[in-house]
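> Before anything else, here's the structure in question.
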Amino acid sequence: MTGAGRRADGASNADLAGLIRTIPDFPKPGIQFRDITTLLLDGRGLAATIARLAALHPGPVDVVAAIEARGFIFGAALARELGTGLVLIRKDGKLPGATVAVDYALEYGEDRIELHEDALLPGARVLLVDDLVATGGTALAAVRLIRRAGAEVIGASFVIDLPDLGGADRIEADGVPVGTLVAFLGH
Ligand code: AMP
500 MTGAGRRADG ASNADLAGLI RTIPDFPKPG IQFRDITTLL LDGRGLAATI
550 ARLAALHPGP VDVVAAIEAR GFIFGAALAR ELGTGLVLIR KDGKLPGATV
600 AVDYALEYGE DRIELHEDAL LPGARVLLVD DLVATGGTAL AAVRLIRRAG
650 AEVIGASFVI DLPDLGGADR IEADGVPVGT LVAFLGH
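Sequence positions in the sequence shown follow the working numbering and run 500 to 686.
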């Protein structure tokens with residue numbers, strides 16, 4: 500898996516897809532929850548996930564920005580792999596310093612994310628990371644935050660894409676190349 504904005508199809512990275520567990524009707528009826536805890540338990544699978552995430556967006560990255568909470572896991576490991584620092588994008592009220600905030604709609608609910616207002620240098624090339632893209636609402640809110648801080652989003656990487664929900668397309672329509680490793684069709 501190499502190349503800017505490389506997106507998975509239903510056959511990509513079958514080894515990793517097989518390590519992700521699907522829990523039906525969590526956290527509410529009708530949601531097929533894609534559970535990455537089983538992937539995390541597998542040492543080889545976890546290492547392969549980080550190596551393949553690192554190959555999705557070649558080119559200079561100044562800092563990785565990770566979205567709470569599961570994005571932190573992959574974001575921290577990816578930052579280590581790329582030799583960059585890590586910026587935390589957190590839920591409302593968690594960051595101690597002065598923040599900028601954006602409200603957004605989830606696949607299942609509403610939320611707000613925040614960024615320390617001094618976390619990013621102007622013009623920094625930021626790689627955004629989360630575990631999964633569904634509608635893209637969370638990631639698009641993160642893109643707005645990063646841009647508001649004066650930095651550039653050079654790509655967005657996700658372990659899992661739910662392509663039928665259209666989030667990756669929306670993020671690309673906003674000018675951000677998207678890379679994904681595993682795609683699950685349907686919701
Ligand atoms: P969205 O903003 O709709 O793209 O939703 C993405 C966020 O919600 C990610 O942080 C995911 O962790 C979580 N999420 C949404 N849908 C699912 C799902 N079906 N399974 C697991 N996590 C999900």
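Just so you know, even glycine gets a beta-carbon here, dropped at the ideal spot from N, CA and C.
All of these numbers come straight from a predicted model, not from anything done at the bench.
(1) Using CA coordinates, which residue listed in Val560, Thr548, Asp617, Ile653 is at the minimum distance from Asp630?
(2) With H, G and I counted as helix, E and B as strand and the rest as coil, what does DSSP make of Leu684?
(3) Per DSSP, which residues does Ala597 bridge with? Please list them.
(4) Going by alpha carbons, who is nearest to Leu515 out of Ile522, Lys527, Arg551?
(5) Is Leu631 close to the ligand AMP? I mean its beta-carbon at under 7 Å from any heavy atom of the ligand.
(6) If you reduce the DSSP assignment to three classes, tell me which class Thr537 lands in.
(7) Can you find a heavy atom of the ligand AMP that lies under 7 Å from the Cβ of Gly636?
(8) In terms of residues, what are the limits of the alpha helix (DSSP H) holding Gly544?
In short, the structure shows the following:
(1) Thr548
(2) For Leu684, the secondary structure class from DSSP, reduced to helix, strand or coil, is coil.
(3) Ala597 is not bridged to any residue.
(4) Arg551
(5) yes
(6) Helix, per DSSP.
(7) Annotation for Gly636 indicates a beta carbon within 7 Å of some heavy atom of the ligand AMP.
(8) 542-555
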